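Participant:
Following this line, the structure appears as structure tokens:
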């Protein structure tokens, strides 16, 4: 028994630190992760555009395969944007694959599944929303379980034990993203229009709302209305007629404003 009371606290502290470290390395925004390894264009509120292949990390992103860029100390291979800099990004654009390619056919299938989700996808989403609604209850239950494990053991007397237990609780309850918002959830898979402000005035762009997080709105098959953005994409060879665009809109710069009338997809 003495052996158990000695090793159990150490094991729990080690496990909490390990779980926390692993989850922090993987804790990326789930909407942003869908653009990982894709060729994208990042737009800033200052009408600056950056093109490149996006790599998503827990603490920032990297853009590689950029257009030729040189600085005082040499030629640039990639550019790093840290979390505070990502807050200045107003949108991220991904060109849809050409319709006559295998990737283009799959993109169209994904679009159809958004408009007409299969039963399994609906059940999965309902389960996720139910978990998020009961998230606090799960957190309190986990806290009680961990408290009972530590009671009457040396864990309760260990320095920073409470802090470590709280970190493990937060890490475990954070495994599933808390992304349940009634209005946005109602119109997932529907044609909506987002509103964002440009120096020239307010614009609205329509598309299919795929998903959302606390930071982004993921909208598929967007009808671009920003003339400067369209011109930049055409100059980069991404404005080919017949292909759509998927956009990540920053919620700091964009809001869902309208729900569009149904039309033939």
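Numbering (the working numbering), first residue to last: 34 to 298.
Quick reminder that beta carbons are idealized off the backbone N, C-alpha and C, glycines included.
Computed from a prediction, not measured in an experiment: that's the story for all the values here.
Can the beta-carbon of residue 110 be found less than 8 Å from the beta-carbon of residue 61?
Facilitator: No, they are not a contact pair.
Participant: With distances taken Cα to Cα, identify the nearest neighbour of residue 84 among 233, 265 and 290.
Facilitator: Comparing Cα positions, the closest option is 265.
Participant: So the alpha helix (DSSP H) residue 264 belongs to, where does it begin and stop?
Facilitator: Residues 260-268.
Participant: In this structure, how does DSSP classify residue 34 when only helix, strand and coil are distinguished?
Facilitator: Confidence is the limiting factor: at residue 34 the pLDDT is only 48, short of 50, which leaves the residue's position unreliable and the question unanswerable from this model.
Participant: Taking the beta carbon of residue 278 as the centre, do at least 16 other beta carbons fall within 10 Å, making it buried, or is it exposed?
Facilitator: Classification of residue 278: buried, given that the 10 Å Cβ count is 16 or more.
Participant: Taking 8 Å as the cut-off, does the region 134-151 touch the region 100-119 (at least 3 CB pairs, one atom from each stretch)?
Facilitator: No, they do not touch.
Participant: Among 284, 116 and 225, which has the Cα closest to the Cα of residue 148?
Facilitator: The shortest C-alpha separation from residue 148 is found at 225.
Participant: Counting only runs of 3+ residues fully inside the region 61-110, write out the beta strand (DSSP E) ranges in chain order.
Facilitator: Those beta strand (DSSP E) runs which fall completely within the region 61-110 and span 3+ residues are 72-77, 82-90 and 93-97.
Participant: According to DSSP, what are the bridge partners of residue 283?
Facilitator: Bridge partners of residue 283: 249.
Participant: Would you say residue 213 and residue 290 are within 8 Å of each other, going by their C-beta atoms?
Facilitator: For residue 213 and residue 290, no; Cβs fall outside 8 Å.
Participant: Over the uninterrupted beta strand (DSSP E) stretch that includes residue 227, give me the two end residues.
Facilitator: Taken as a continuous stretch (DSSP letters only), the beta strand (DSSP E) holding residue 227 covers 224-231.
Participant: Please determine, among 260, 251 and 287, the residue with the shortest C-alpha to C-alpha distance to residue 63.
Facilitator: Taking only the C-alpha atoms, the option nearest residue 63 is 251.
Participant: For residue 213, does the three-state DSSP call read helix, strand or coil?
Facilitator: Coil at residue 213, not helix or strand.
Participant: Within 10 Å of its beta-carbon, does residue 87 have 16 or more other beta-carbons around it, so buried, or fewer, so exposed?
Facilitator: Classification of residue 87: buried, given that the 10 Å Cβ count is 16 or more.
Participant: Output yes or no for whether 8 Å exceeds the beta carbon distance between residue 243 and residue 162.
Facilitator: Taking 8 Å as the Cβ cut-off, residue 243 and residue 162 do not qualify as a contacting pair.
Participant: Identify whether residue 142 lies in helix, strand or coil by the three-state DSSP scheme.
Facilitator: Here residue 142 sits in helix by DSSP.
Participant: Report the partner residues of residue 152 according to the DSSP bridge assignment.
Facilitator: DSSP output for residue 152 lists no bridge partner at all.
Participant: Sort 129, 100 and 73 by Cα distance to residue 253 and report the nearest one.
Facilitator: Of 129, 100 and 73, the residue nearest in Cα terms is 129.
Participant: In whole angstroms, what is the alpha-carbon distance linking residue 319 and residue 221?
Facilitator: Residue 319 is absent from the structure shown; the chain starts at 34 and stops at 298.
Participant: For the candidate residues 223, 72, 260 and 246, whose alpha-carbon lies nearest to that of residue 235?
Facilitator: Answer by Cα proximity: 260.
Participant: For a test of the three-state rule: what should DSSP assign to residue 277, helix, strand or coil?
Facilitator: Coil, per DSSP.
Participant: Closer than 8 Å by C-beta to residue 93: which residues in its own chain qualify, once you throw out the five before and the five after it? Chain order, please.
Facilitator: Excluding positions up to five away in sequence, the list reads 113, 114, 115, 116, 118 and 119.
Participant: Relative to the alpha-carbon of residue 70, which residue among 81, 89, 77 and 125 has its alpha-carbon at the smallest distance?
Facilitator: Comparing Cα-Cα distances from residue 70 to each of 81, 89, 77 and 125, the minimum goes to 89.
Participant: Quick check on residue 129: does DSSP put it in helix, strand or coil?
Facilitator: In the structure shown, residue 129 sits in coil (DSSP, three-state: anything other than H, G, I, E or B).
Participant: Label residue 153 either buried or exposed according to how many other C-beta atoms from any shown protein chain fall within 10 Å of its C-beta, with 16 as the threshold for buried.
Facilitator: Exposed.
Participant: Using only the alpha-carbon positions, how far apart do residue 288 and residue 82 sit?
Facilitator: Roughly 21 Å between the two C-alpha positions.
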